[in-house]
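Below you'll find the structure, written out as structure tokens, and then a few comments.
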Amino acid sequence: MKLIIYIPAYNEEENIGKVISNLPKNIDQIDEISILVVDDGSLDDTSEIAKNRGAEIVSHNKNRGVGIAFQSAVMYTLNKKADILVSIDADGQFSGSQIPNMVKPILLDQADMVTGNRFASGMPKTMPWIKYWGNKQMSRLISLLAQQKFMDVSCGFRAYNKEALLNLNLIGAFTYTQETILDMAYKGLKVVEIPVNIKYFKNRKSRVAGNILNYAYRTTKILLRTLRDYKPMLFFGGAGGISLLIGLFFEIFMLRYYFIHGEFTPYKSFGFIGLGFLIFGLLLVIIGLLADMFNRIRVNQERILYDLNKRHYEK
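According to my numbering, the sequence shown is numbered sequentially starting from -1.
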């Protein structure tokens, strides 16, 4: 069994050496452990320090985001014909000593993907309350969409088997954590959470979630795209149903007023507004039906892509 430990890094010269040094050298049932650092456009000595500590380096010529960095790691892992990929942050918040626990469900064939749960014992002491609250709301949303209970969908400490890596087809450049869970869940792969310990640093600003509003906006955009592609009837039909209900409310209100007062004035405009919502809602439902038909083509294309990946990377 071959394991690759992947570290995404952007200007991490202060921490990268220590993180690499603390990674496990041996794990039961694992024959070979390699370290991969994806340098996402760093302007400091991140790559040089990582290389001196024995890591393989994949460098981006500019900062492209953790989503693209993860895709680079997936391609590297498949090209190296590794069996498991583990991702761990470069800032030292997670201890490398937890990696054996992270890969254990995969080695026991109990999971295709394992993700860390930072909130098994509640909110970490040094975590800002607003970040904890935002994570909980995002976890509720992803749990609803994936139809599986998750407590932490934003943790970057994860493990994937080869089957998961061959199936992944991601679009997000900004982040990948929530999209990955949905992609795996929609494809019927098994995702499990395990508790992990984390250490927060007071003055360190997250490169992904440093601005909560920006993070929420960009993450929501990725989620909506994923929902649109994988559940088009829910996406378009749900919006169409809301529009139809609003249209019916305006029309019923206007008709009720007419039966009571014998005239439409002063609510005649309500009829046109309601009609507009009804037409728009009907169009969205029709688009949803058409998109649902095209979704079958997407599913077939995903299967073809999986077969092509399997043939290409397992030669």
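For each residue, glycine too, the CB sits at the ideal point set by N, CA and C. From a predicted model like this one, the values you see are computed outputs, not experimental measurements.
Cα-Cα separation, residue i to residue j
i	j	result
K313	G238	47 Å
A157	N298	27 Å
L273	I285	18 Å
G269	L287	27 Å
Y311	G63	25 Å
D107	L243	47 Å
L211	Y256	46 Å
D290	Q145	19 Å
E10	S93	16 Å
M73	K79	10 Å
P193	N99	9 Å
I295	R301	10 Å
H259	I240	29 Å
F251	M136	37 Å
S374	V84	Residue 374 falls outside the range modelled here, since the chain spans only -1 to 313, and no answer is possible.
F172	K23	Here the model assigns F172 a pLDDT of 47, short of 50, so the residue's position is not dependable, and the following value carries that caveat. Taking the straight line from one Cα to the other gives about 31 Å.
G279	R223	20 Å
Whole-Å CB distance - residue i paired with residue j, under 8 Å assumed
i	j	result
I82	L1	5 Å
I14	V36	Their Cβ separation, rounded to whole angstroms, is 11 Å, which puts I14 and V36 out of contact at 8 Å.
V101	I31	Going by Cβ atoms, the distance from V101 to I31 rounds to 10 Å, so no, they are not a contact pair.
I104	F155	At roughly 14 Å, the Cβ-Cβ gap does not stay under 8 Å, so I104 and F155 are not in contact.
V56	S70	5 Å
H28	I18	The sequence shown places Ile at residue 28, not His. Not a contact, Cβ separation roughly 17 Å.
N61	Y8	6 Å
Y198	Q91	7 Å
L375	Y228	The question about residue 375 has no answer, for the chain in this structure spans -1 to 313.
Beta-carbon proximity of residue i to residue j, cut-off 9 Å
i	j	result
T175	T113	yes
G235	F275	no
N165	M182	yes
L139	L221	yes
G132	A214	yes
L187	M111	yes
I65	E249	In the sequence on display, residue 65 carries Gly and not Ile. No, these two residues do not count as a Cβ contact at 9 Å.
A67	V189	no
Identified DSSP bridge partners for residue i
i	result
D38	H58
E30	K0
Y158	L83 and M111
P193	N115
P6	V36
Cβ neighbour criterion (16 or more within 10 Å) applied to residue i
i	result
T44	buried
A162	buried
K266	exposed
T218	exposed
R116	buried
P264	exposed
F292	exposed
K16	exposed
A118	exposed
I128	exposed
E191	buried
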